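Its first residue numbered 15, the sequence shown is counted upward by one per residue in our numbering.
Virtual Cβ for every residue (Gly too), placed ideally from N, Cα, C.
All figures in this text were calculated on a predicted structure; none of them were measured in a lab.
Worksheet: the structure to be examined is printed underneath.
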Amino acid sequence: MPSPPLRIAILECDHPPANARVKFGHYGGVFTSLLNSAAATLTPPPALQISRYDVVTAQEYPPLDAIDAILITGSRFTAFESDPWILKLVDFVKSILAQDRIRIIGVCFGHQILARALGAPVHRSPIGWEISVVPLTLTPVGKKLFGVDKLAIHQMHRDVVGEYPEGVEKLAYTDTCPVQGMYVKNRFITVQGHPEFTEEIVRELLAVRHESGIFDGATFGEGMGRVADGQDGVVVARAFLKFLLED
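If you want it as C-alpha cells, here you go:
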C-alpha cells in the first residue's frame, strides 16, 4: 500500500513580491513549488498534502490532529518585536515544541521565531544585511544532513539569531551570520536563508528595496552581482523532506 501523504501546514508570515504573487499566488505557492521539486528527487517520491494559513492578518492556525508538520515562512517583519500576531505565533510554536509528533521547519523569519520560542536572543545584526546568493560553511552535521560538502543559498535578512539554543545541532555559518541553521532529530530543522527564492524573486526584491531606499546603490549592486550564482534550494528542501520522513 502507498504511504500516507506528509501533511505540511505552511504558516504564511508574509506574501511574495508582486510579480511572484502573479506566478505563485501566495507564499504557500512558492513553497509548494519548491517542495514538489524536492519530492521528485527522492525514491520513491513522497506524497505531499500541503495546506496554508495566514498567521498575520487572519491569525489562523491548523488543527494539530490534521497535520504532521508546520513550515514557518520568511517575512519582512521583525521576529523579536511584540506585535500581537508575532506573540501568538511564538506561543503556537511553543505548543508544538511541547509535544513530540508534529515537526517544525523554519525558514528565515521562521528560523528566528523558533529560536525565540526556545529562548535564544534574536536581534538586528551589527554587520548589516546579508542578501542574494551566499555560500555557507557547513558543519559536519550540516554536511551529513544536506548530503553535500558545500552549500549556497539565497539570503534576505539583517536580523539574526544571536546564539544557538541549548541542545541544538549547528548546521552552518557565514561571516555575517553565525547561526545559519539549527536541527534536533525528529523535532525541527531551520535555515536562515531562503531555499524557496528563485533568481527572479530575488531580483524583484532587490529592485523594490533599492527603489524604496532600503538598499543603497552599493548594497543593491553587490546583491545583483551574485543573484545569478548557483544556489541549492532544492538540496535544502530535500533535506527538509528527509527530516520529515526520518524515524
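| query | result |
| --- | --- |
| Suppose the cutoff is 8 Å on Cβ atoms and the five residues either side in sequence are ignored; what does the same chain contact list for residue 19 look like? | 60, 61, 62 and 63 |
| Name, in chain order, the residues that DSSP records as bridge partners for residue 202. | 118 and 198 |
| Under 7 Å, Cβ to Cβ, is there at least one residue of chain B near residue 90? | Within the model displayed, chain B is absent; a lone protein chain is all it includes. |
| Can you give me the Cβ contacts of residue 133 inside the same chain, cut-off strictly under 7 Å, excluding the 5 residues immediately before and after it? | 179 |
| How long is the line joining the alpha carbons of residue 125 and residue 218, rounded to whole angstroms? | 23 Å |
| Could you round the C-beta distance between residue 66 and residue 24 to whole angstroms and report it? I think they count as a contact, below 8 Å. | 4 Å |
| Apart from the five residues on each side of it in sequence, which residues of its chain come closer than 6 Å, Cβ to Cβ, to residue 163? | 157 |
| Rounded to the nearest angstrom, what separates residue 252 and residue 49 at their Cα positions? | 8 Å |
| DSSP on residue 6, reduced to helix/strand/coil? | Here the chain covers residues 15 to 261 and nothing more, so residue 6 does not appear. |
| When the Cα atoms are used, what is the spatial distance from residue 258 to residue 187? | 23 Å |
| Helix, strand or coil: how does DSSP classify residue 126 here? | helix |
| Taking only the alpha-carbon atoms, compute the straight-line gap between residue 229 and residue 214 and give it to the nearest angstrom. | 18 Å |
| Do three or more CB pairs link the segment 101-109 to the segment 68-82 at distances below 8 Å? | yes |
| How should residue 110 be labelled, buried or exposed, when 16 other C-beta atoms within 10 angstroms of its C-beta is the threshold for buried? | buried |
| According to the Cβ coordinates, are residue 139 and residue 172 closer than 7 Å? | yes |
| What are the partner residues of residue 170, as DSSP defines its beta bridges? | 145 |
| Please classify residue 55: is it buried, with 16 or more other beta-carbons within 10 angstroms of its beta-carbon, or exposed? | exposed |
| Let me check one thing: in DSSP terms, what residues is residue 84 bridge-paired to? | 23 and 118 |
| Distance check for residue 235 and residue 46, CA to CA, integer angstroms please. | 30 Å |
| Less than 7 Å separating the beta-carbons of residue 128 and residue 147? | no |
| If you drop the 5 nearest sequence neighbours on each side, which residues of the same chain put their C-beta closer than 8 Å to that of residue 181? | 198 |
| In chain order, what residues of the same chain have a beta carbon less than 8 Å from the beta carbon of residue 81, not counting five sequence neighbours either side? | 21, 22, 23, 65 and 116 |
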